[in-house]
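Visitor: Residue numbers (this note's numbering): 1122 to 1443. Using N, Cα and C, we set each Cβ at its ideal position, and we do this for glycine too.
1) Alpha carbon to alpha carbon, how far is residue 1160 from residue 1350?
2) Only counting the same chain, and skipping five residues up and downstream in sequence, which positions put a Cβ closer than 8 angstroms to that of residue 1372?
3) Looking at C-alpha atoms only, which residue of 1221, 1428, 1417 is the closest neighbour of residue 1234?
4) Between the stretch 1297–1316 and the stretch 1354–1364, do three or more beta carbon pairs fall short of 8 angstroms?
5) In this structure, how does DSSP classify residue 1371 when only helix, strand and coil are distinguished?
6) Taking the beta carbon of residue 1426 as the centre, do at least 16 other beta carbons fall within 10 Å, making it buried, or is it exposed?
7) Of the choices 1239, 1227, 1293, whose alpha-carbon is the least far from that of residue 1384?
8) From the DSSP output, in three-state form, read off residue 1265 for me.
9) Work out the CA separation of residue 1393 and residue 1353 for me, nearest whole Å.
10) Which first and last residues belong to the alpha helix (DSSP H) in which residue 1298 is found?
11) DSSP three-state call for residue 1432: helix, strand or coil?
12) Assign residue 1382 to one of three DSSP states: helix, strand, or coil.
13) Where residue 1242 and residue 1303 are concerned, what is the direct C-alpha to C-alpha distance, given to the nearest angstrom?
14) Could you check what DSSP says for residue 1377 in three-state terms: helix, strand or coil?
15) Does the beta-carbon of residue 1232 have 16 or more other beta-carbons within 10 angstroms, so that it is buried, or is it exposed?
16) Relative to the alpha-carbon of residue 1327, which residue among 1340, 1339, 1271 has its alpha-carbon at the smallest distance?
17) Which stretch, first to last residue, makes up the alpha helix (DSSP H) that contains residue 1338?
18) What's the C-alpha gap between residue 1312 and residue 1268?
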């Protein structure tokens, strides 16, 4: 689900490099998680890409959780006339039906949150998690923050009268029962079975929860942005990230990773496609759609603040939300 951007020096710079050294100029290409130079052979570049492929793919949607990934667009072949595409309106309609992320609010959300994706994926905790360097304390802190976030989200989703939010709700997506099992694993022995009465949300978690509660009262349709960013992200990367957490933190199967198990969803891709179709069918004004995109970017900022807080940067987290 994730392509990677490549930057190189200008054609002029590369030409000067060839004239000076008789080689390709040694321009550097940068992409997430790796650096490739033009002096490397094609085989060498492919070897590096294959070695990092699993991490690049998972980085589609977030560190210890995944953000909803950004769709890639494909160019269409041209017919004999340079200004005419071989694709007909019918072809485009069929492709959009197969991939609803190519149109409507789904496309607006994917396109409108690209920069937030990039910022979130470059936080130290996220990259550390995927490198297998996360420790149990950091992971427990993340789960604790997510417990308070999902408790607020799902209480608001239960009590709201906003039908458009309810249309996107699904028992298979709900995370609170699963994350409670993880919290039992991390806290029950230390704090007892009533651990939920003894733990406190962090400052970043408090701000996140406050935002959810605020929009639930004032603009409940904005909860759609929270459903999109959290649920789809967790679902996209859930199985792989749960396995990575279990291996890197030496957890037995299911211990502390129930959050990443989605019971009742046989095909992740099919489920998400149907969810996007339902999203595009919602009766929303253009202004409301734009508000949802703006809220989705705020949700990214709220999650980034939690990451930065876990990294030990509460001041930086505070400025993220300022």
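Guide: The relevant details are as follows:
1) Unreliable positioning characterises residue 1160 in this predicted model, as indicated by a pLDDT of 39, which lies under 50. A coordinate reading is not provided.
2) 1366, 1378
3) 1417
4) no
5) coil
6) buried
7) 1293
8) helix
9) 7 angstroms
10) 1297–1312
11) coil
12) coil
13) 24 angstroms
14) coil
15) exposed
16) 1271
17) 1324–1339
18) 16 angstroms
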